[in-house]
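Asker:
In full-length UniProt numbering, the protein residues as written are 1 to 478.
See below:
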């Protein structure tokens, strides 16, 4: 009963410590921000939904969140871009997105997932006549920018008109940019100077704000803080020194030190030191006929460790669930799967649907930008990443169907060619005649007149071709 009481007490104390840690962190890093006017009453700053200090603390202290955000931004943005209208000229579109500026959009997307907004500055290069030759994007660090609202008096408009700008102050340099998705025609038509120096591509908006989204990690903030807390506790233990597994207590008669002979305590120290993490074998005799040397070992258990580790595991699982990202995509391979299971493929299908939903948000931003600055009229088509498990399972299934005689050689080759377009299938199969034949377990199915003597040659050729397909498949995997 006593030991059970101790365990229960330790659990409660640990739970209270966890709750106290979370409360303290939330107390220190959650600073309420609201819309506040600047010194100029005609100018107002609009604040993000989440304080930057809180966001930065969690991002800097949780490697799992950092990895998830960067991987998800990569899977959403860093794919091939095409246009829905195949007849439209894609030169400017390809040069701008596929060749030059996609990575800058990726960097801004990372900050959008983290802060709820991201931005890029639109820069121009002019020719010798002063005409714009081409555009480029440069990502701007989100914590360094502000969204401000300014009111301008417009002739014929009562009460003035509000216009929005992005401002950035780095040292003595101040940049003021218009937003590429906003209309400033009234200012230009009335020749009103707003002292802006260019345009910014803005990634933001959500249900609660026109300018800022609510970051997804807010749904699992307590889990993120729990993971950080467990790491901090483990680091503190390591910093404080070696963690003993137990204590050995030796008892015996009064020690008699003989000149020229090692003392018992010196012998024990040497034996323990030379043992390292193994098992100690030490032979010690007593100088007394009535009192023996006795040794007692007491294990030191950390009763809270399993609870804390389970707490962190649950927290990590919650984070992964909120972001709907497969563990293997983060290089965490701790899920065992049977040979015939299609679980991985199903998981990646669900993940791809999540990516498509996120891409629909970015498509609206890119389509609007393309229409105004690149002269593109059709919609963008954003590709999706191909994952190893999906590609491998598809090719394996086709090869199995061919090997059971359910697909002809031509059908199998065509299906695999759709999955692995980088393979030159014409070089793999030498004899066109056998493309429409069926095979079973690598052997030609049925009898075909005139090939008896070359039977082994045919099957060897087909099997070698599929071995090449398999090797090409392995090389194709990322």
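Don't be surprised by glycine CBs; every beta carbon is placed ideally from N, CA and C.
Should the region 85–92 be regarded as contacting the region 164–175, the criterion being three or more beta carbon pairs within less than 8 Å?
Answerer: no
Asker: Whole-angstrom Cβ separation of residue 378 and residue 85, contact assumed at under 8 Å?
Answerer: 4 Å
Asker: What residue range does the alpha helix (DSSP H) around residue 112 cover?
Answerer: 102–115
Asker: I'd like the list of long-range same chain contacts for residue 59, defined as Cβ closer than 7 Å, with 5 residues on each side in sequence excluded.
Answerer: 65, 66 and 114
Asker: Would residue 383 be called buried (16 or more neighbouring beta carbons within 10 Å of its own) or exposed?
Answerer: exposed
Asker: So what's residue 447 in DSSP terms, helix, strand or just coil?
Answerer: In this predicted model, residue 447 has a pLDDT of only 49, less than 50, meaning its place in the structure is not dependable enough to derive any value.
Asker: Could you please give me the residues that DSSP links to residue 440 through a beta bridge?
Answerer: According to DSSP, which records beta bridges pairwise, residue 440 is partnered with 404 and 443.
Asker: Measure the beta-carbon distance from residue 220 to residue 322 and round it to whole angstroms, keeping in mind my assumption that it falls under 8 Å.
Answerer: 5 Å
Asker: Measuring alpha carbon to alpha carbon, tell me which of 214, 437 and 376 ends up nearest residue 51.
Answerer: 214
Asker: Exposed or buried, residue 364, counting other C-beta atoms within 10 Å across all chains shown (16 or more means buried)?
Answerer: So residue 364 ends up on the exposed side.
Asker: Does the region 65–83 come within contact of the region 349–360, defined as at least 3 CB pairs closer than 8 Å?
Answerer: They touch, by the three-pair rule.
Asker: Could you check whether residue 217 and residue 119 sit closer than 9 Å to each other, using their CB atoms as the reference points?
Answerer: no
Asker: Hey, how far is the Cα of residue 380 from the Cα of residue 157?
Answerer: 38 Å
Asker: Buried or exposed for residue 229, going by 16 or more other Cβ atoms inside 10 Å?
Answerer: Answer is buried; the Cβ neighbour count reaches 16.
Asker: Nearest CA to the CA of residue 481: which residue from 375, 387 and 205?
Answerer: Lying outside 1 to 478, the shown extent of the chain, residue 481 is not represented and no answer is given.
Asker: Taking 6 Å as the limit between beta carbons, can you name the residues of its chain near residue 82, skipping five residues before and five after?
Answerer: Counting only Cβ-Cβ distances below 6 Å, and skipping sequence neighbours, we find 381.
Asker: Per DSSP, residue 146 forms a beta bridge with which residues?
Answerer: 167, per the DSSP bridge assignment.
Asker: Ordered along the chain, which non-local residues of its own chain (more than five positions away) have a Cβ less than 7 Å from that of residue 186?
Answerer: 154 and 161
Asker: Out of 53, 222 and 79, point me to the one whose CA is closest to residue 142's CA.
Answerer: Here the closest residue by C-alpha is 53.
Asker: Assuming residue 487 is part of the beta strand (DSSP E), what are its boundary residues?
Answerer: Here the chain comprises residues numbered 1 to 478, so residue 487 is not present and cannot be evaluated.
Asker: Expressed to the nearest angstrom, what Euclidean distance is found between the alpha-carbon atoms of residue 164 and residue 147?
Answerer: Straight-line measurement puts the Cα of residue 147 at about 7 Å from the Cα of residue 164.
Asker: Could you name the residues of the same chain whose beta carbon sits closer than 7 Å to that of residue 227, not counting the 5 residues immediately before and after it, in chain order?
Answerer: 62, 64, 312, 315 and 316
Asker: Drop a sphere of 10 angstroms on the beta-carbon of residue 445, count the other beta-carbons inside from all chains shown, and report buried for 16 or more, exposed for fewer.
Answerer: Classification of residue 445: exposed, given that the 10 Å Cβ count is below 16.
Asker: Using 8 Å as the threshold, is the region 433–440 in touch with the region 406–418, meaning 3 or more CB pairs across them?
Answerer: yes
Asker: Between residue 192 and the rest of its own chain, which residues show a CB-CB distance below 7 Å, the 5 nearest in sequence each way excluded?
Answerer: 152
Asker: List the whole-angstrom C-beta distance separating residue 209 from residue 49, where the pair is believed to meet the contact cut-off of C-beta under 8 Å.
Answerer: 6 Å
Asker: Any chance you could list the alpha helix (DSSP H) runs of at least 4 consecutive residues sitting entirely within the region 40–96, in chain order?
Answerer: 52–61 and 63–77
Asker: If you reduce the DSSP assignment to three classes, tell me which class residue 211 lands in.
Answerer: coil
Asker: Does DSSP classify residue 162 as helix, strand or coil?
Answerer: Here residue 162 sits in strand by DSSP.
Asker: Verify whether the separation of the beta carbon atoms of residue 200 and residue 122 is less than 9 Å.
Answerer: For residue 200 and residue 122, yes; Cβs fall inside 9 Å.
Asker: To the nearest angstrom, report how far apart residue 127 and residue 136 are at their CA atoms.
Answerer: Each residue's alpha carbon lies about 15 Å from the other.
Asker: Taking all protein chains shown into account, do 16 or more other C-beta atoms lie within 10 angstroms of the C-beta of residue 450, making it buried, or fewer, making it exposed?
Answerer: Only weak support exists for where residue 450 lies, its pLDDT of 45 falling under 50; the coordinates are left without a value.
Asker: From residue 362 to residue 180, what distance separates their C-alpha atoms?
Answerer: 14 Å
Asker: Confirm, please, whether the CB-CB distance from residue 110 to residue 325 is below 9 Å.
Answerer: no
Asker: Could you tell me which residues DSSP puts in a beta bridge with residue 137?
Answerer: 122
Asker: Please report how far the alpha carbon of residue 36 lies from the alpha carbon of residue 46, in whole angstroms.
Answerer: Since pLDDT at residue 36 reaches only 41, below the 50 mark, its modelled position is unreliable, and the value read off the structure follows with that caveat. Spanning the two alpha carbons is a distance of roughly 8 Å.
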